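With the UniProt record's numbering, the residue at position 124 of the sequence shown is 124, and numbering never jumps. Beta carbons: idealized from backbone N, C-alpha and C, even for Gly. Since this is a predicted model, take the numbers as computed values, not measurements.
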Amino acid sequence: MTKQEIIQIQKSYSEELTNLRRQLESRTSFVEALKIRLSELENKEARKEAQLVELQRLLQETKDQHEAELEAVESKYKAQAEINLLLESRILEFHGTLESATCSNTTVNNLASSASPKERSPPLSASLASSSEGSLAFIHSSTGIIMNDCCDTAGEISNLQAIVEPVPSQATSPSRQNRNPKQD
1 MTKQEIIQIQ KSYSEELTNL RRQLESRTSF VEALKIRLSE LENKEARKEA QLVELQRLLQ
61 ETKDQHEAEL EAVESKYKAQ AEINLLLESR ILEFHGTLES ATCSNTTVNN LASSASPKER
121 SPPLSASLAS SSEGSLAFIH SSTGIIMNDC CDTAGEISNL QAIVEPVPSQ ATSPSRQNRN
181 PKQD
């Protein structure tokens, strides 16, 4: 080998070495940039994970709070429903007591007023009163009112007022008619 070839080989070797050093520096700086980017992403992930944990904690607290509120509202609703049922049963008891008291008073009043139509003179029965005071009496099955038989010899209906105007407790509630025992 000649001196010139040796110089040429040394020159090419030094150029190649310089290129390899540049590549190494470039790749080293690239690796450093990637390490910096990786640490940034890890920090960002850690922050997001911390936020996620905080949001899950808040979500659980909110869920627990709403469950407690819902249980309180349901408990209050059940208590109010029980109170309403008790009040309704008391009202029904009072209606039954009132009805039985009213029915016994009304029956006594109807007996007295139906038995003597001349003492009781409502406008309708006064205008339609007939001379058949001694006719047979019977109890109307649906109203429980004592009435004279249907017509007298002239074809007039005696005590029509008692037939037309039902007893107030029976007029307001048809179901109460079923509670009154039928009298024959």
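What number of angstroms, rounded off, separates the C-alpha of H66 from the C-alpha of Q80? 21 Å
If you run the structure through DSSP and keep just helix, strand and coil, what is T28? helix
Express the C-alpha separation of L55 and E15 in angstroms, rounding to a whole number. Roughly 59 Å separates the two Cα atoms.
Taking the C-alpha atoms as reference points, what is the distance between A68 and S29? Computed Cα separation, rounded: 58 Å.
Rounded C-alpha distance that separates L87 from S100: Looking at the two C-alpha atoms, the distance is approximately 20 Å.
Cα-Cα separation between T18 and I6, rounded to whole angstroms: 18 Å
Using C-beta distances below 7 Å, list every residue in its chain close to K3, excluding the 5 sequence neighbours before and after it, in chain order. none
Coarse secondary structure for T2, derived from DSSP in three states: coil
Compute the Euclidean distance between the alpha carbons of L85 and I91, then round it to the nearest angstrom. 10 Å
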